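In this text, residue positions in the sequence shown follow our numbering: the first is 367, and each later residue adds one. For every residue, glycine included, the Cβ atom is placed at its ideal position computed from N, Cα and C. A quick note: this is a predicted structure, and the numbers were derived from the prediction, not measured.
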Amino acid sequence: LLPDSLPTAVTLPPIVPASGPRRARVALLAGCVQQALAPQINRATLRVLSRQGVEVVIPTGQGCCGALSMHMGEAAQAMKLAGNNLRAFPNDVDAVITNAAGCGSGIHEYPLLFKGTADEDAAISFAAKVMDVSVFLAQLGLIEEPSPLSQPVTVAYHDACHLANAQGVRAQPRDLLRRIPNLTLVEIADGELCCGSAGTYNIQQPELAARLGEQKARNVLASGADLLVTGNIGCLTQIDLHLRSMGKPLPMLHTIELLDRAFPSPKA
Numbered sequence: 367l368l369p370d371s372l373p374t375a376v377t378l379p380p381i382v383p384a385s386g387p388r389r390a391r392v393a394l395l396a397g398c399v400q401q402a403l404a405p406q407i408n409r410a411t412l413r414v415l416s417r418q419g420v421e422v423v424i425p426t427g428q429g430c431c432g433a434l435s436m437h438m439g440e441a442a443q444a445m446k447l448a449g450n451n452l453r454a455f456p457n458d459v460d461a462v463i464t465n466a467a468g469c470g471s472g473i474h475e476y477p478l479l480f481k482g483t484a485d486e487d488a489a490i491s492f493a494a495k496v497m498d499v500s501v502f503l504a505q506l507g508l509i510e511e512p513s514p515l516s517q518p519v520t521v522a523y524h525d526a527c528h529l530a531n532a533q534g535v536r537a538q539p540r541d542l543l544r545r546i547p548n549l550t551l552v553e554i555a556d557g558e559l560c561c562g563s564a565g566t567y568n569i570q571q572p573e574l575a576a577r578l579g580e581q582k583a584r585n586v587l588a589s590g591a592d593l594l595v596t597g598n599i600g601c602l603t604q605i606d607l608h609l610r611s612m613g614k615p616l617p618m619l620h621t622i623e624l625l626d627r628a629f630p631s632p633k634a
């Protein structure tokens, strides 16, 4: 699943101003795996939010959310990483935006992680502000409609478990995608089943994870879609691996990447 070498790190600016009148001010969790392996997802997130009148702060002191440590049962390490984020993120923002389902789910576990400690209240307040970018955009409302895609595209949307099950986010990504002209959204058979990524599951249980990944890949192909879209880098990586192993690679994007392509460039 991991590349032989990591790409050169891409540094994000500390702040991205809103394009036009400011409607909201948020902070972005850049993530550790995603920012290293797929930095274009964060770039797309910043562009879309800015176009919608959102000022985005990217705290320089942030780090890993601790989700993988939680999966491994390393509570002390998870608390250390989570505590760093509690201190790094500002309080004067309307929301803390995540665009990786695993990270968002992990942060919502902070109150449980810090239960009975001096940081419990801070963890509760922080987690209450955390939301997936699709949820934030759905609540804020779009100030402009997406432009038509250059040609008709059939899109299959995959529900990441850490987004759909852990956070209850199912409708918002689909609703946003349906607003893009020339896009037809189709469902994946047995869409509620995991793709096998599941945080560290594909490392700890590789055989079972592979069976799930192969099943998901077959169902994606059976949907007849031209493009697969989901809201989690782990799922993108897992499904891509199994589609390629079958000799049937399929283009895939994060939800926010497709929205980014559909929105017109900011006016000069």
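Paired residues, beta bridge with residue i - DSSP
i: residue 464; result: 498
i: residue 596; result: 524 and 620
i: residue 421; result: 391
Presumed contact (8 Å Cβ cut-off) between residue i and residue j, rounded CB distance
i: residue 466; j: residue 400; result: 5 Å
i: residue 620; j: residue 583; result: With 8 Å as the limit, residue 620 and residue 583 do not qualify as a contact, their Cβ atoms being about 18 Å apart.
i: residue 626; j: residue 413; result: 5 Å
i: residue 629; j: residue 510; result: 7 Å
i: residue 454; j: residue 425; result: 5 Å
i: residue 477; j: residue 489; result: 5 Å
i: residue 529; j: residue 597; result: 5 Å
i: residue 496; j: residue 474; result: 6 Å
i: residue 402; j: residue 423; result: 21 Å between Cβ atoms; not a contact.
i: residue 378; j: residue 396; result: 6 Å
i: residue 543; j: residue 624; result: 7 Å
i: residue 445; j: residue 472; result: About 12 Å; that fails the 8 Å criterion.
Opening and closing residue of the beta strand (DSSP E) in which residue i lies
i: residue 393; result: 390-394
i: residue 378; result: That residue, residue 378, is in no beta strand (DSSP E); it is neither H nor E in DSSP.
N- and C-terminal bounds of the alpha helix (DSSP H) containing residue i
i: residue 475; result: From DSSP, residue 475 is part of no alpha helix (DSSP H); its letter is neither H nor E.
i: residue 401; result: 399-403
i: residue 581; result: 572-588
Distance CB(residue i)-CB(residue j) smaller than 7 Å
i: residue 538; j: residue 500; result: yes
i: residue 531; j: residue 554; result: no
i: residue 451; j: residue 428; result: yes
i: residue 503; j: residue 521; result: no
i: residue 606; j: residue 519; result: no
i: residue 562; j: residue 575; result: yes
i: residue 512; j: residue 545; result: yes
i: residue 468; j: residue 433; result: yes
i: residue 383; j: residue 419; result: no
i: residue 594; j: residue 559; result: no
i: residue 404; j: residue 622; result: no
Minimum Cβ-Cβ distance from residue i to chain D less than 7 Å
i: residue 531; result: The question asks about chain D, but that chain is absent: this structure has only one protein chain.
Handout entry: Contiguous beta strand (DSSP E) assignments of at least 3 residues, all confined to the stretch 493-568
Key = 496-498, 519-524 and 549-552
Exercise for the section: May I have a chain-ordered list of the beta strand (DSSP E) segments no shorter than 3 residues that lie completely inside the stretch 432-465? Expected result: 461-464
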